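Those protein sequences? They're chains A and B, same order as listed. To get the numbering used here, take the position in the first sequence, counting from 1, and add 777. To get the numbering used here, take the position in the second sequence, counting from 1, and add 256. Just so it is clear, CB atoms sit at the ideal spot from N, CA and C, and this is done for glycine as well. Model, not experiment: these values are computed from the prediction. Structure first, then comments.
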Amino acid sequence: MSVRLAVRGLSAGYPGRDVLRDIDLEVEGGEILGVLGANGSGKTTLLRCLAAQLAPRAGSVTVDGSPLRGMGPRQLARRLAVVPQQYELPAGFTVAELVEMGRNPYLGHLGRATAADEAAVEGALAALGVAALRRRQVQELSGGERQMTVLAMALAQQPGLLLLDEPTSHLDFRHQTRSMEAIRDLADREGLAVIAVLHDLGLAARHCDRVALLRSGELLACGPPEQLLTAALLRACYGVTPAFLDAAVFTAAEPGEGGGLRVRGGAPAAAARCGGRPPAAWRRPRHSLSREDAITTERPQVGRARDGRGPRAAFTDMAATVLAGLEIPAIDAEARRIARRRQQQLLKPPGSLGRLETLAVELAGMTGGDLDRLQRVAFLVFAADHGVAARGVSAYPAEVTGQMVRSFLRGWAAISVLARADGADLRVVDVGIGPPLDALLAGCSTEMLVRARVRSGSRDLTREPALRPDEVAEAIAVGRAQLAAAAGRGAGIVGLGEMGIGNTTAAAAVVAAILGSEAAAVTGPGTGIDAAKVAAKAELIAAALRLHAPDPTDPLDVLAKVGGLEIAALTGAILEGAARRIPIVLDGFITAAAALAAVALAPRCADYLIASHRSPEPGHDLALARLGLRPLLDLGLRLGEASGAAVAMPVIRAAARLHVEMATFEQAGVSGVSP
Amino acid sequence: MKIPAPTALTMALASVATLALVAAVATSVGSVPIPLRSIQAIVAHHLFRTPLDGVPASWDAIVWQVRLPRVLVALLVGMALSVGGALYQSLLRNPLAEPFLLGVSGGAGFAAVLVTATGLTALGSQVLPLGAFAGALAASGLIVALSRVGGRLPAANLILAGVALGSLLSALTAFVLIRGQGAFETSDLLGWLMGSLARASWPTLRLIAPYIVVPLAATLFLGRAMNVMLLGDAQAQHLGLAVERIKPLMLGLAGVLAAASVAGAGVVGFVGLIVPHAVRLTLGPDNRLLVPVAAVAGGVFLVACDTLGRVVFAPAEVPVGIVTALFGAPFFLWLLRHQRGATTA
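What follows is the structure, encoded as structure tokens:
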């Protein structure tokens, strides 16, 4: 079934209030149109007109040439299904029974389902991958499962046109992707036309063929997302520049333009059109946003063209203070080209060194080609305490933070051993350990200790904001200063780590806030608590996020409300490292949280990050996917204190050393690939 | 728990058999026990003119004039109340909805008090039920009219208008009753206001039967629509339901059922609330099954309650409304304890 919906000169509103003015749109089978716009711009009103729920004041809506208003409700429901923003599902019904209600427009008065109806129900459940929920009752479903049920109900209608109002608002990342892919698949296979109101620009960029931008009831622009999701247009549409844009999908637009969302699959430049379907060449290949994809995007493009004015416009004066004097250079594209060419010529079949080759090319881009300096390694471990530790979120008491710092200094801890083996420069920075250290450190060398205490541990984020904004700024400044000091001691590459009982809680809260994901999706066992305690931890985090409602577009606000001192310091270190072209090796989950904040402040610093390993903490994968990073190792490490970065460091140094010291075919007099 | 849906025919046959059996047993029970065989003979005598064959004439009078019409009225009223309750619970998406929520009891009560106070009841035995029927319909019609906003009937408006008008009418009823003390006979009226089948007779049955049988039959075809209505007006519309036609239809059916039952037995509480809930808890919320099962269960329940009320303190009677409340209130409280989290019917 292929369907064509045409909107001509549509104006609509409510008594005493005009909402939409003179809208022209067309969608046809196989196409996904995203409707974007600020709250109150008329998106839902538009959907209500398209669903024949609201009579237009002027203009027309036609489906395959026949006007919508003339159709009977059953006829309409067979052509057009709606997934509303808010819905109620009556208790006691099972998912299968609810989805069968989607067959209502086909059922007779006694409502007996035929084999065709049952097939449609099963097909809808299977398409969304929720067939296992079949016998579950509504009251046993999570918010996401309820949303999938409503979506399945709409698919069971077997409509030609699907109208979605914020279809993924309750879904976690995995279900968002899965449901959008299912919709994409139906569009491709069955010729379903889809109009989706979306707030998530990343989703719009990934899954929509075209987007329509609404501003105060008028159609601002309509066309392929790669042309419309530019900083300038988004500012015009939403009134702010989206500084939080997904680093992995953000890319360069035309020179001189503010930049746009990267859309995979690419599309030729062409004038934006509001009608009709784009040529086949524009159609996006179906795509899952796996970590593989995230890494295969060309790293140097990430964040480019976002210099200066773009990202910072939305930020506060505090951001200006934190970022003062910080100029993050673009990746050196020339050095990358040279490195890539050299990798082709080295004495080995091209590609045979796998990740080490791409890693060397990336390192060349970061350092401007000087890979020798990567043999000078430094580790910075930032330590601080967390008020939330008093809530039993960790397997260990808060005193352990200070005691572990003592072990670092004595050379007993994992990072001490690894740093020693690497001949690396290790510094442990006290950004805010709770109890005074002096008594604890009696009799041990404090040569590696840096005292830069901002305050005595953060506050309990379940009760009050963890930090004041000025404390966040100060901790970031500590991180920047320590990275600068390490650079001054000659470091060419820096591994970052942390120590802080309770800090996976803060990190999970930061990640959930910035990614907009559910707390449960990013909460893990940390130092090793059991499942019941993990659930309690997730609930505390969710409650804290509800309590403080940190602004996801303002990383400083997130760090202040639910972050921690060492996380803020790590953020500062990342920013400073990027500005100095020093590759930053991230450790695990907590450093990834800091990296999310840093990238949100200055998108370009994503280009200077290396993910050392994959942590078992569930939020780590999500954070790395957002950062566009693929971890080098997967060893199940969950210690922290930069140990993962230290384990990966020899691999990185090996990549650099091979790149620099191997001979080329030519030098060795070995024949290359035979023609 | 779900049971496989039996075919419509088996269900219909089983329902009729159950109802006939319960009616027969209830008719046989009383201060004078009458064997089922004699009841069969008496019914056959009146329907087919067969001879009575040694059945005492007093038994004939007891069965035909007193017990049978009463049992049949109880049966119909019980069916009407529970199906009416199911309709309102689906329509208003509220677990506490019941047939008297929308001012029906208030309207019927006030009309009954008025016809009694003005002496119109002297004109015939059916004046009171007729008046109650008219008052109930008028009140629910008024509430629907008051709740209508821009061609739509929001559930919240219906409930609020029903509660408000119901309170007003109850106040007026109480006022007239107190002012009229001594001026007219109120004991009969009070029994009726509590819900009683003591007045039930063949004329009562003839008066209410069409207004119960026809809406009941129509509601059997609305199960699917009632399910979809539970999703809310907008979503029901998206699923192809002509909400603004179905809603007045459901309100009309429920209103007529409630008015007819109040005319037959006064204000019998709790049946319309608890029977649909009991069925829902055992068989699930699917109205395609719930409506017929609740109809049968409601009829059986009210007949059982009325029989208990007749027998326990015989020859004195406990009004059926008191018996249903004695059973209904504890059940309702139990329901409150176990319905946490689920907010829709």
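In the same chain as B/Leu402, and ignoring 5 residues on each side of it, the C-beta atoms closer than 7 angstroms to its own belong to Ala417, in chain order.
A/Tyr1385 has no beta-bridge partner at all, per DSSP.
When DSSP assignments are scanned along the stretch 1127-1203 of chain A, the uninterrupted stretches of alpha helix (DSSP H) that are 4 or more residues long and fall wholly within it turn out to be 1132-1144, 1177-1187 and 1191-1199. Residue range Arg794 to Glu805 is occupied by the beta strand (DSSP E) that includes A/Glu805. Annotation for B/Arg566: Gly286 and Glu573 place their beta carbon closer than 7 angstroms to its own, counting only its chain and skipping 5 residues before and after.
For A/Ala1337 and A/Val1249, the gap between their C-alpha atoms comes out near 6 angstroms. The closest CA to that of B/Thr274, considering only B/Arg593, B/Gly525 and B/Gly554, is found on B/Gly554. About 20 angstroms separates the beta carbons of A/Thr1282 and A/Ile1253, which is beyond the 8 angstroms limit, so they are not a contact pair. DSSP, read as helix, strand or coil, puts A/Cys999 in strand. Here DSSP, grouped into helix, strand and coil, assigns A/Arg1114 to helix. With respect to the 9 angstroms criterion, A/Val860 and A/Asp942 are classified as neighbours on the basis of their beta carbons.
Contact check between the stretch 1168-1184 of chain A and the stretch 1306-1320 of chain A: three or more CB pairs, one atom from each, fall below 8 angstroms, which counts as touching. Ranked by Cα distance from A/Met1143, the first of A/Arg794, A/Pro844 and A/Ala1433 is A/Ala1433. Here DSSP, grouped into helix, strand and coil, assigns A/His1390 to strand. At least one beta carbon of chain A lies nearer than 9 angstroms to the beta carbon of B/Leu487.
Between A/Leu1103 and A/Ala1379, the gap from beta carbon to beta carbon is short of 9 angstroms.
Excluding five sequence positions before and after B/Gly340, the CB atoms of its chain that fall closer than 6 angstroms to its own CB belong to Pro355, Ala510, Leu513, Ala514 and Gly528, given in chain order. Per DSSP, the beta-bridge partners of A/Ser837 are A/Arg785. Think of a sphere of 7 angstroms around the beta carbon of A/Ala854: the chain B residues whose beta carbon falls inside it are His494, Leu495 and Gly496, in chain order. Residue contact with chain A for B/Pro541: present (Cβ-Cβ distance below 9 angstroms to some residue of chain A).
Contacts with chain B (Cβ-Cβ distance below 9 angstroms) from the stretch 830-854 of chain A involve Gln830, Gly849, Pro850, Arg851, Gln852, Leu853 and Ala854, listed in chain order.
For A/Ala858, no alpha helix (DSSP H) run applies; the uninterrupted beta strand (DSSP E) run containing it begins and ends at Leu857 to Val860, by DSSP. For A/Arg992, DSSP records a beta bridge to A/Glu995. Between A/Val974 and A/Arg856, the C-beta spacing is not below 9 angstroms. For A/Asp965, the three-state secondary structure derived from DSSP is helix. Look at the beta carbons and you see the stretch 1358-1366 of chain A not touching the stretch 1322-1337 of chain A: under three pairs across the two are nearer than 8 angstroms.
Where A/Val1362 is concerned, the enclosing beta strand (DSSP E) starts and stops at Ile1361 to Leu1363. When Cβ pairs closer than 8 angstroms are counted between the two stretches, the stretch 376-393 of chain B is seen not to touch the stretch 577-589 of chain B, the count staying below three. Annotation for A/Pro1327: Ala1290, Asp1334, Val1335, Lys1338 and Val1339 place their beta carbon closer than 7 angstroms to its own, counting only its chain and skipping 5 residues before and after. Under the Cβ distance rule, B/Arg408 does not count among the residues neighbouring chain A, no pair being separated by less than 9 angstroms. The beta carbons of A/Glu808 and A/Asp986 sit about 5 angstroms from each other, so the pair counts as a contact at 8 angstroms. Beta bridge pairing from DSSP links B/Ser423 with no other residue.
By the Cβ rule, the stretch 783-801 of chain A does not count as touching the stretch 946-966 of chain A, because fewer than three pairs are nearer than 8 angstroms. Beta-carbon to beta-carbon, A/Glu1418 and A/Glu1275 are separated by about 7 angstroms, close enough to satisfy the 8 angstroms threshold.
DSSP places A/Gly1272 in no alpha helix (DSSP H) but in the uninterrupted beta strand (DSSP E) bounded by Ile1270 to Met1276. For A/Glu874, the C-beta contacts it makes with chain B under 7 angstroms involve Asp542, in order along the chain.
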